[in-house]
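This report refers to the structure that appears directly beneath it.
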Amino acid sequence: MCGIVGFVNTKDQKAEIIEQMMDRIIHRGPNSSGKFIDDQVALGFRRLSIIDLEGGTQPIYNEDGTKVIIFNGEIYNFQSLREELIQAGHVFTTHADTEVLLHGYEEWGTDLLQRVRGMFAFAIWDREKQELFGARDHFGIKPYYYAEMNGTFMFGSEIKSFLPHPDFEKELNKDALKPYLTFQYSPLNGETFFKGVYRLQEGHYFTYKNGVMDIHEYWDADYSHKENYSKEDWVQKIDETVQESIAAHKISDVEVGSFLSSGVDSSYVAAVLRPDHSFSIGFDDKTYNEAIEARKLTKMLGLNNTAAVIDGEMSFNAFPLIQYHLDEPDSNPSCVPLYFLANLASQHVRVVQSGEGADELFAGYAAYGWHTNSKMIRVFAQGLKKLPKNIRFKLGRTIGNMRNFHGRIHLYEATAPAKDFFIGQALVFEEQEATEILHPDYTSGPSVAEIVAPYYEKVKDLDEEVNKMQYLDVHQWMPKDILLKADKMSMASSLELRVPLLDIEVMKVAQTIPTKYLINQYNTKDVFRQAANRHLPTEWANREKLGFPVPIRAWLKEGTGYKTVKELFTADFAAEFFDQEKILQLLADHRAGKQGLQRKIWTIYTFLTWYKVFFIDEKIPKAETIIYETI
C-alpha cells in the first residue's frame with residue numbers, strides 16, 4: 064500500500080513541487096519514497112513496504128527505460144501474470160506486483176485491466192509517446208483524483224497532495240453541499256467538494272496526451288445473467304469462492320491481521336483467515352459494545368484479539384484530523400471507530416483483512432427490502448414479488464400512498480420500482496429540508512434524482528429491483544463512502560486494508576445469484592450467511608447488521624460533544640452556509656429529547672469541521688496522543 068502523486072506540464076521547478084506533494088501523503092508510505100522527473104512530467108511515490116521489501120521501490124522502469132510506473136495497491140494474481148510475461152520475453156528486475164503492471168501494459172495494452180485481480184490506482188508515463196496512462200480498480204477500493212488547472216494536469220491518491228502545487232486553485236464546490244446533506248457523503252458523479260477536482264471513476268482508465276484527457280470504462284457490474292443452481296449449491300459455491308479469495312488476499316511478505324466486529328462479514332473473514340492477530344474497537348456505551356461481542360467470538364475460534372474502548376472526548380479530539388484524512392466531508396459515524404481501529408491495529412501489523420463489500424454484493428442491507436420482523440408480512444411480500452411487473456409496480460405505488468400501517472414500508476418497497484424510493488444506504492436530510500437550512504447561495508446543487516438517474520438508466524431493463532439497488536450502491540455508496548473511509552482511515556495510520564469479500568472473482572459469482580436466494584422471507588444475504596455458518600456459530604452467521612454502532616445521540620446532548628458542536632454552529636463562518644437559527648434549533652431540540660435529529664446534526668457538524676480544516680485553519684490538525692483502554 065502506498066501513495067502516488069504526479070503532474071504534467073512544461074514548467075520548471077518540478078523536483079521541489081513533487082517533493083512537497085509527496086510530503087502531504089507521507090502517512091500512506093512512511094518507509095521510503097521515489098520520484099521521476101523529465102521535461103514533461105513529475106511522478107512521486109510514497110511506499111509502505113508489503114511485498115518484495117528490498118526490491119519493490121518505485122518508480123519502476125521497463126527494460127529500455129521508455130516507460131515508468133507508480134502504483135498504489137495490490138495485484139493478487141501477479142505471480143501467474145509474471146510467469147506469462149516472462150514466457151513472452153519480458154525481463155523483470157524485481158519480484159513486486161508493480162512491475163507486472165508495467166510489463167503487462169507493454170504486452171497487452173489496456174487489455175491488461177481484463178486480466179488483473181486486485182485493488183489499484185496507477186500511472187504509467189510513456190516517454191516515447193509522451194502519454195500518461197492511468198487506471199483505477201473495478202470497485203474503487205483505491206482512490207484516484209485528478210485536476211487540470213493553469214496549464215498543469217495533476218493526479219494523485221489524495222486531494223490534499225494537490226494543495227502545495229502552485230497551479231492548484233483551492234475553491235469550494237458550491238454544488239456539492241446540498242446533495243451531501245441528503246447522502247452524508249460527496250455524491251456528485253465525478254467532481255468533488257473541491258471545485259475542478261474530479262475522481263477517476265471505479266472501473267475506468269484514462270490517457271492524457273497533448274493536453275487532452277480521454278476516459279474509458281473497462282468494467283461494470285452485470286446482473287443480467289442468473290445461474291440456475293440449487294440453494295445448497297450456491298452455499299457451496301460462495302464458500303469455496305470466499306475461501307479462495309481470502310487465501311489470495313493473504314499474499315504478503317509481512318504479517319496479515321484482521322479487523323473483527325460482531326457482524327457476520329468480518330467474522331467470516333477472520334474465521335477462515337485464522338490470523339495471528341485480530342483487532343476490535345468499542346465505545347464506553349452501556350447499551351452495546353462491539354469489542355466485547357467480538358471478543359466472545361475469538362474465544363470460541365481460538366484467535367488472539369486486541370480490543371480497546373474509546374469515548375466521546377477521544378472521538379471529538381480526533382475528528383478534525385479524521386476529516387483531514389478523508390479529503391471530503393463524510394458524516395458516516397463509523398469513520399470514527401474505523402480511524403481508531405486502524406490506529407490500534409497499526410501498532411501490531413502493517414496489513415489487515417476486513418469485511419467490506421459483502422452487503423453490496425450479497426444484498427445484506429435492510430433497505431433492499433427487510434423492514435419488518437413479521438414472518439407473515441415477509442412471506443406475503445415475497446409472493447407479491449411474483450406478480451407481473453406492471454401490476455406489481457401499480458400496486459406498490461398504491462401502497463405508497465396509503466396511510467401508515469404495520470408492514471406498509473416492507474410491502475411498498477417489495478412492490479414499487481426501486482427508482483421511486485431508493486437512493487442508497489443513507490438519507491439524512493430530505494431535499495426540501497436541506498434547502499430550508501441552507502443559505503440561498505448553496506441551494507443550486509443537482510437534485511437527488513439527477514444524481515441517481517444515470518445509474519437507474521443503465522439497469523432499466525433488469526427484471527429484479529434488488530439488483531437495481533445493488534447496482535446503484537456499487538457505484539455510489541460503496542466507492543464514495545464505504546471504500547473511501549476504509550482506505551483513508553487505514554492509511555491515516557499507515558495500515559493496508561484488504562477487502563477479500565469485494566473481489567472481482569467473488570463478484571463474478573455474486574452477480575449471477577437469483578435474488579430469491581439473497582433477500583427473502585428468511586433473511587438478508589441468506590445464502591452468504593449459510594456459507595458463513597460453516598465456519599461460525601449460527602448466532603454469528605444470522606446476526607442482524609449493526610455496522611459500527613456509534614453513540615452520537617448521547618454525545619450531542621452534553622459534555623464535549625455538545626459544546627464542540629455548538630461552538631461550530633455559532634461560528635461566524637457557519638452563517639455563510641446555513642441559517643444558524645435553524646441549525647441551533649436542531650441542536651436544542653435534540654438536547655430536549657426530540658428523536659431522529661442526531662444524524663442531521665452530525666452531518667452539519669462534519670461539513671463545518673471539514674471546511675474549517677481546509678479553508679480556515681489551512682493546516683494539518685494536531686494529532687493527540689492516543690491512550691487506549693484495552694479490554
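Remember, the numbering used here sits 63 above the position in the sequence shown when you count from 1.
Even for Gly, the Cβ is constructed at its ideal location relative to N, Cα and C.
Three-state secondary structure (DSSP) of residue i
i	result
P93	strand
Y271	strand
E419	coil
K14	Since the first residue of the chain shown is 64 and the last is 694, residue 14 is not available in this structure.
H653	helix
T369	strand
F257	strand
V319	strand
E644	helix
W188	strand
G181	strand
M276	strand
E630	helix
K74	coil
E53	The first residue shown for the chain is 64 and the last is 694, placing residue 53 beyond what the model contains.
T693	strand
L501	strand
Where the beta strand (DSSP E) containing residue i begins and where it ends
i	result
L106	V104 to R110
G345	S341 to F346
H665	Strictly speaking, residue 665 in this sequence is Trp, with His absent from that position. Taken as a continuous stretch (DSSP letters only), W665 belongs to no beta strand (DSSP E), being part of the alpha helix (DSSP H) at Q661 to Y674.
V412	Taken as a continuous stretch (DSSP letters only), V412 belongs to no beta strand (DSSP E), as it is neither H nor E.
Q69	Position check: residue 69 holds Gly in this sequence, whereas Gln was assumed. Where G69 is concerned, the enclosing beta strand (DSSP E) stretches over C65 to V71.
I138	K130 to I138
L581	Note, L581: premise wrong, no beta strand (DSSP E); not H, not E.
A198	E194 to R199
T215	T215 to G219
L560	E559 to R561
Residue i, buried or exposed, once every other Cβ within 10 Å from all chains shown has been counted against 16
i	result
M363	exposed
P710	Look at the range of the chain in this structure, 64 to 694, and you will see that residue 710 is not part of it.
I80	buried
E559	buried
V154	exposed
K657	exposed
V522	buried
V275	exposed
H538	buried
S397	buried
K449	exposed
E644	exposed
G172	exposed
R561	buried
K663	buried
T633	exposed
D347	exposed
G266	buried
Residue span of the alpha helix (DSSP H) that contains residue i, given as start and end
i	result
K300	K294 to A311
G375	G375 to L389
M554	L546 to M554
I81	K77 to D86
M570	I567 to A573
L360	E353 to L364
S330	V327 to L336
H166	D160 to W171
E513	V511 to K521
T601	T601 to A604
Any non-hydrogen atom of the ligand MG closer than 6 Å to residue i Cβ
i	result
E493	With respect to small molecules bound, the structure shown includes none, and the ligand MG cannot be examined in it.
Cβ separation of residue i and residue j, assumed to be a contact under 8 Å, to the nearest whole Å
i	j	result
L564	G420	4 Å
G219	I67	6 Å
I187	F196	5 Å
I646	I500	6 Å
T666	S394	4 Å
V317	P338	Between P338 and V317 the Cβ distance is about 12 Å, and since that is not below 8 Å, they are no contact.
R616	Q648	Not a contact, Cβ separation roughly 17 Å.
P542	F202	7 Å
Interface flag, residue i vs chain B, CB-CB below 7 Å
i	result
C65	Given the protein chain composition of this structure (a single chain), no chain B is represented.
Practice item. Kindly confirm or deny that the region 604-622 and the region 313-332 touch, where touching means at least three C-beta pairs closer than 8 Å. Key: yes
Review point. Does the count of Cβ pairs from the region 369-382 and the region 531-540 closer than 8 Å reach three?
Key: no
**Study point:** Segment contact flag, the region 569-589 with the region 205-216, C-beta cutoff 8 Å, min 3 pairs
**Key:** Judged by Cβ distances under 8 Å, the region 569-589 makes no contact with the region 205-216, as fewer than three pairs qualify.
Exercise for review: Kindly confirm or deny that the region 285-298 and the region 411-428 touch, where touching means at least three C-beta pairs closer than 8 Å.
Suggested key: no
Point to revise | Stretch-stretch touch, CB-based, cutoff 8 Å, three pairs: the region 496-514 with the region 232-247 | key: yes
Practice item. Decide yes or no for the touch test of the region 134-150 against the region 174-187: beta carbon pairs closer than 8 Å, at least 3 of them. Key: yes
Review point. Counting pairs of beta carbons, one from the region 221-231 and one from the region 74-90, are three or more of them closer than 8 Å?
Key: yes
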